[in-house]
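Here the structure comes first, spelled out in structure tokens, and everything after it is commentary.
Protein chains: 2
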Amino acid sequence: MPKQVDHRQRRETIARALWRVVEQQGVRHLTMRDVAQEAGISLGQLQHYFRSRAAMLSFAMDFAGEQTALRVGRALAELPEPPHPRQVLRVMLVELLPLHADARAQSRMSAAYVLEALHDEELHARARDGLLQGRAMVEQVVRQAIADGYIEPDRDPVLETNLLLALTGFTTLLELDAVTPAAALEAVERYLDRLFETEDGPGRD
Amino acid sequence: MPKQVDHRQRRETIARALWRVVEQQGVRHLTMRDVAQEAGISLGQLQHYFRSRAAMLSFAMDFAGEQTALRVGRALAELPEPPHPRQVLRVMLVELLPLHADARAQSRMSAAYVLEALHDEELHARARDGLLQGRAMVEQVVRQAIADGYIEPDRDPVLETNLLLALTGFTTLLELDAVTPAAALEAVERYLDRLFETEDGPGRD
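Each protein sequence line maps, in turn, to chains A and B. For the first sequence, the positions run 1 to 205 when full-length UniProt numbering is used. For the second sequence, the positions run 1 to 205 when full-length UniProt numbering is used.
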């Protein structure tokens with residue numbers, strides 16, 4: 001079905017144009033007209049793909065989530081086999097922080113989306129689902145690492161997952177230049193060192 | 001100077017009206033007209049106090065920062081003398097999370113403000129200054145706690161302060177109902193337990 005592929009590609013091109021506009025001018029003044037201009041198409045053509053600003057934002061957000069998942073997947077594929085769970089968690093966490101252009105654009109979109117979601121039930125449900133999906137992946141790695149002896153067995157996987165995800169609070173500190181990227185990365189490393197401190201077990205090699 | 005006091009009070013009344021509007025409908029569609037209506041004054045009267053939406057937002061943000069500082073101060077005053085640094089850090093951290101109406105309104109304003117600051121140098125400098133001020137207070141408590149033996153001497157106060165502030169990432173998890181308030185509070189407690197784990201020293205009593 002080449003037509004459907006083309007439709008999908010066109011929507012992705014539009015989503016990328018939307019990210020660039022968000023990166024440059026923020027989401028508040030974002031209009032469908034701006035995005036059409038950035039994507040090099042007419043407003044009518046854009047409206048053919050997205051009926052409303054909200055529909056366009058939702059797609060751009062879902063697509064950003066997929067792109068983050070792809071980046072994480074690529075980074076994980078580069079780890080030595082079998083990957084150490086500490087490195088897996090590091091990749092997952094670091095790719096959520098605004099440390100390079102793609103991650104920054106997606107992090108800003110995500111922040112804007114969360115704010116809009118506070119006053120829109122459908123967006124809220126969608127943003128929550130996305131977050132819970134990511135949360136489940138992190139929790140699975142934590143549980144397996146505990147089962148395999150990389151993390152002490154008395155650690156609670158739910159609590160450890162919550163703390164790991166809370167560290168995405170570095171986003172604001174980075175965006176406001178209150179910490180340097182190097183300082184944020186060092187803090188993440190030290191945090192993971194402590195999580196993986198064990199009396200014995202494979203984490204001790 | 002009763003007139004100046006009145007001026008200040010009027011601006012604070014407006015700032016509180018602005019918070020309510022932000023709480024109810026978000027910051028994106030926020031106009032001076034909405035705020036005037038919520039504050040029960042005319043648009044002309046509002047413009048007498050604030051020349052622009054940006055000036056109004058900046059004041060509301062500064063005022064929110066002051067109110068957070070007041071809330072923290074009141075909570076600290078209720079601690080037994082001398083307060084344990086673990087309790088001080090707990091109060092500082094928990095008051096930044098959207099766990100009750102005032103803190104939630106201020107947290108949402110703050111998130112919106114950070115997003116606008118990404119595309120406005122003056123707002124960026126202002127938001128950064130506010131964050132660095134809060135950061136300095138946390139770091140001072142951490143340094144003193146290390147000096148007094150409550151926290152192990154090999155901990156780096158800058159890194160520990162960064163990690164504590166990064167835990168404000170619970171904000172997004174709470175706003176999207178991805179963690180419960182109880183789970184966020186428990187994670188903060190456990191995090192502080194670990195920070196204050198010492199071989200000996202006063203933290204061990």
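The beta carbon of each residue, even a glycine, is placed where N, CA and C say it ideally should be.
- Looking only at B:I146, B:E12, B:A166, B:V21, the smallest Cα-Cα distance to B:V94 is reached by B:A166.
- Taking the beta carbon of B:L167 as reference, the chain A residues within 9 Å of it are L163, A166, L167, G169, listed in sequence order.
- For chain A, the residues of the region 177-197 of chain B that bring a beta carbon within less than 8 Å of one of its beta carbons are D177, A178, V179, A183, A184, E186, A187, R190, Y191, R194, in chain order.
- Neighbourhood of A:V114 in chain B, by CB distance below 7 Å: T172, E175, L176, in chain order.
- The DSSP-derived three-state label of A:S110 is helix.
- For chain A, the residues of the region 23-54 of chain B that bring a beta carbon within less than 8 Å of one of its beta carbons are Q24, Q25, G26, V27, R28, in chain order.
- Judged by pairs of C-beta atoms under 8 Å, the region 63-77 of chain A does not touch the region 177-189 of chain A, as fewer than three such pairs exist.
- Per DSSP, B:H119 is not a residue of any alpha helix (DSSP H), being assigned neither H nor E.
- If you compare the alpha carbons of A:R16, A:P153, A:E23 with that of A:Q67, the shortest gap goes to A:R16.
- By the beta-carbon neighbour count (other beta carbons within 10 angstroms, threshold 16), A:E116 is buried.
- By the CB criterion at 8 Å, A:L89 and A:L192 fall inside the cutoff.
- Along the region 114-128 of chain B, going in chain order, the ones with a CB nearer than 9 Å to a CB of chain A are V114, L115, E116, A117, L118, H119, D120, H124, A127, R128.
- Setting aside the 5 residues that flank it on each side, A:P153 is surrounded in the same chain by I146, each with a C-beta closer than 7 Å to its C-beta; the list follows chain order.
- One thing to note: A:T168 has its Cβ within 8 Å of the Cβ of B:G169.
- According to the DSSP assignment, A:V72 belongs to the alpha helix (DSSP H) that extends over 53-77.
- Secondary structure note for B:T168: it is in no alpha helix (DSSP H), with a DSSP letter that is neither H nor E.
- For the region 132-157 of chain A, the set of residues with a beta-carbon nearer than 7 Å to any beta-carbon of chain B comprises L132, R135, in chain order.
- Using a Cβ-Cβ distance cut-off of 8 Å, the region 95-105 of chain A and the region 10-24 of chain A are in contact, since at least three pairs of beta carbons, one from each stretch, lie closer than that value.
- Against A:R108, the close residues of chain B are L115, L118, in the order they occur along the chain (beta-carbon pairs closer than 8 Å).
- Between B:Y150 and B:R86, the beta carbon gap of about 7 Å places them in contact (Cβ cut-off 8 Å).
- Boundaries for B:V179: no alpha helix (DSSP H) harbours it, and the DSSP string shows neither H nor E there.
- Secondary structure note for B:G44: its alpha helix (DSSP H) is the uninterrupted segment 43-49.
- Nearest CB-CB separation between B:L159 and chain A: below the 8 Å threshold.
- Taking CB atoms only, A:A75 has no neighbour in chain B less than 8 Å away.
- Annotated three-state conformation of B:R190 is helix, per DSSP.
- Exposed is the label assigned to B:R8, since fewer than 16 other Cβ atoms lie within 10 Å of its Cβ.
- Per DSSP, the continuous alpha helix (DSSP H) segment holding B:R86 begins and ends at 85-95.
- DSSP places B:D154 in no alpha helix (DSSP H); its state is neither H nor E.
- Residue contact check for A:A111 against chain B: a CB pair falls below 8 Å.
- Here B:D148 carries a coil assignment [DSSP, helix/strand/coil].
- Taking C-alpha positions only, A:R143 is separated from B:L97 by approximately 27 Å.
- Secondary structure note for B:E38: its alpha helix (DSSP H) is the uninterrupted segment 32-39.
- A straight-line Cα-Cα distance of about 15 Å links A:A125 and A:R135.
- One thing to note: B:A184 has its Cβ no nearer than 8 Å to the Cβ of B:S110.
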